[in-house]
Amino acid sequence: VAAEELPPVAPALTVSSTDVAVEMVDVNKWYGEFHVLRDINLKVMRGERIVICGPSGSGKSTLIRCVNRLEEHQKGQIVVDGKELTNDLRKIDEVRREVGMVFQHFNLFPHLTILENCTLAPINVRKMPKREAEDIAMHYLNRVKIPEQANKYPGQLSGGQQQRVAIARSLCMNPRVMLFDEPTSALDPEMIKEVLDVMVGLALEGMTMICVTHEMGFARQVANRVIFMDGGQIIEQNDPVSFFTNPQHERTKLFLSQIL
Ligand code: ADP
Ligand code: MG
């Protein structure tokens, strides 16, 4: 999608909240000897929409996976919704309930129907009655425009449809923050827009979002801030217009020249 075709989301959506949704302070992480995240400092306000980009291997997935403790950091602090992520398993569960995550490869349960995929966590984690969970699931499947697929299995759906189910499934838990890890990079071009449209809709409603994506049209349209990572560090961050038109660092310029 060409960036210039997309109008920016209404200025009314600029962040006015003073609430911090996610804060990372001097976060460092190693995989064995390999220093994958270096002194990450990142504060995301409620309602803010962050796009993270950068070359493959720069640590983008690791960073957002640390936010819901799919990966553990070794140094520094991560606070999500006022709760610090430590080894306290109860806190980790609390945080995971509030943080939705959408992956590159959808990660739906293949042996469950679309509806069952969407009701599993609300029933088991939130202890919601089945009927209520199904009503909520249908509401979100409507929102991502595939209610008619509810009784099919993931393998019967296109990639774009599966990714929209994955988003609906996350929304069924009523998350306060949504994490996206390259949600469109495994999709055929004609399916990318249908997923981005759903994400733009979420942004319009004020969802706090941290999105790893190279969809620069999306970044221009909805991001409050674009962050560029390389070598496990945040190299540069700026509002999207400044980021794209006036990148400061050579590595950012090189990266943008390769993807735009
Ligand atoms: P990105 O998402 O930016 O491509 P990743 O966070 O996936 O980057 O990976 C950053 C670096 O960490 C890469 O060099 C990758 O090979 C390495 N890495 C990722 N996951 C693991 C792991 N579980 N064990 C060891 N190294 C890993
Ligand atoms: Mg990645």
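Counting from 1, position 93 in the sequence shown corresponds to residue 81 in our numbering; the numbering is continuous, with no gaps. Yeah, the Cβ is synthetic: ideal placement off N, Cα and C, and Gly gets one too.
Decide if residue i is buried, meaning its Cβ has at least 16 other Cβ atoms within 10 Å, or exposed.
i    : result
L248 : exposed
T201 : buried
Y128 : buried
V186 : buried
K63  : exposed
T233 : exposed
R119 : exposed
T74  : exposed
N56  : buried
L77  : exposed
E238 : exposed
H61  : buried
G42  : buried
Can you tell which of the options has its C-alpha closest to the C-alpha of residue i?
i    : options                   : result
L58  : G64, G189, C160 and F91   : F91
I223 : L108, M204, F243 and A211 : F243
S245 : L145, Q209, V210 and M204 : M204
D14  : L51, V165, I80 and R37    : L51
M89  : V183, C199 and K140       : C199
P281 : L190, D27 and G148        : Residue 281 is absent from the structure shown; the chain starts at -11 and stops at 248.
I215 : R157, M197, I40 and Y141  : I40
M166 : K71, T240 and A156        : A156
E86  : G220, F206, M195 and T233 : M195
L103 : H23, E136, Q65 and R84    : E136
V67  : R131, S173, D76 and A9    : A9
R37  : E238, G219 and L192       : L192
Which of the three DSSP states is assigned to residue i in this structure?
i    : result
L248 : coil
V113 : coil
K140 : coil
Q236 : coil
Q65  : strand
E21  : coil
N16  : strand
Can you tell me which residues form a DSSP beta bridge with residue i?
i    : result
K31  : E11
I198 : I38 and L167
G88  : M166
K71  : V68
Within the continuous beta strand (DSSP E) that includes residue i, where are the two ends?
i    : result
M168 : Looking at the sequence provided, one finds Phe at residue 168 rather than Met. Element bounds for F168: V165 to D169.
D123 : Note, D123: premise wrong, no beta strand (DSSP E); alpha helix (DSSP H) at K118 to R131.
E224 : Q221 to N226
F216 : R213 to D218
Between which two residues does the alpha helix (DSSP H) containing residue i stretch?
i    : result
D185 : P177 to L192
L159 : G147 to L159
S49  : K48 to V55
A207 : M204 to V210
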